[in-house]
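S.K.:
Numbering (the working numbering), first residue to last: 21 to 215.
1. In whole angstroms, what separates the C-alpha of residue 101 from that of residue 176?
2. Assuming residue 120 contacts residue 147 (C-beta within less than 8 Å), just tell me the rounded distance between them.
3. At the level of alpha carbons, what is the spacing between residue 49 and residue 134?
4. With distances taken between CB atoms, is the gap from residue 97 to residue 78 smaller than 8 Å?
5. Considering only their Cβ atoms, is the gap separating residue 185 from residue 162 smaller than 8 Å?
6. Per DSSP, residue 200 is paired with what?
7. Keeping to the same chain, check which residues put their C-beta closer than 8 Å to that of residue 95; ignore five residues upstream and five downstream.
8. Is there contact here, the region 99-119 with the region 73-89, by at least three beta-carbon pairs under 8 Å?
9. Would you call the region 105-117 and the region 130-145 touching, i.e. three or more CB-CB distances under 8 Å?
10. Check whether the Cβ atoms of residue 136 and residue 65 lie closer than 8 Å to each other.
11. For residue 125 and residue 118, what's the separation of their Cα atoms in angstroms?
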């Protein structure tokens, strides 16, 4: 599905402020995951300028609410404008400024259909742990950047970011709590369904 003018504008704004938005393919998959699960309640960790949030909102049920968390209030201000330009009513978004690690403990257990993580890779493990608590049974976790720019398959790559991603992938693969799959879309989309 090609991106419309609002998504292209958001993508350009992301580039201007130095952020890398999800690829159109990853966005389409987020939309599909939200639609397949008839998502009413979604948590997004990393608002950015609103590209991924817009994809998620377009897949969610019409009454669904996106809770999006980011430390950058200026980015969230732009995202709010993007959501408005896309015709998303203000009541469908809950934009929280703060560190995800501080905000996530305040969210309700088992209340969410989908958790999307687009955060610093060194926080992946903590975000996955939080997602296990936040998601209902059958809820979906999606983690952006899971291929670490191809480094995750390079055994010589030993930096903290790559090691953290590898450990997160291994933990999900070996856990009885998840049914995972790594999709080679964009920067890599780790997906998992909570058992």
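Yeah, the Cβ is synthetic: ideal placement off N, Cα and C, and Gly gets one too.
Please read all numbers here as calculations on a predicted model, not as lab measurements.
M.R.: With the given structure in hand:
1. Across the structure, residue 101 and residue 176 are spaced so that their CA atoms are roughly 43 Å apart.
2. The Cβ separation is near 7 Å, so the contact holds.
3. The alpha-carbon of residue 49 is positioned some 13 Å away from that of residue 134.
4. It is not a contact, given that the beta carbons lie outside the stated cut-off.
5. Not in contact: residue 162 and residue 185 (Cβ atoms no closer than 8 Å).
6. DSSP output for residue 200 lists 212 as bridge partner(s).
7. Shown here for residue 95: same chain residues with a beta carbon closer than 8 Å to its own, the five before and five after excluded, namely 37, 39, 67, 68 and 69 in chain order.
8. Cβ pair count under 8 Å is three or more, so yes.
9. No, the region 105-117 is not in contact with the region 130-145.
10. In contact: residue 136 and residue 65 (Cβ atoms closer than 8 Å).
11. Between the C-alpha atoms of residue 125 and residue 118 there is a straight-line separation of about 12 Å.
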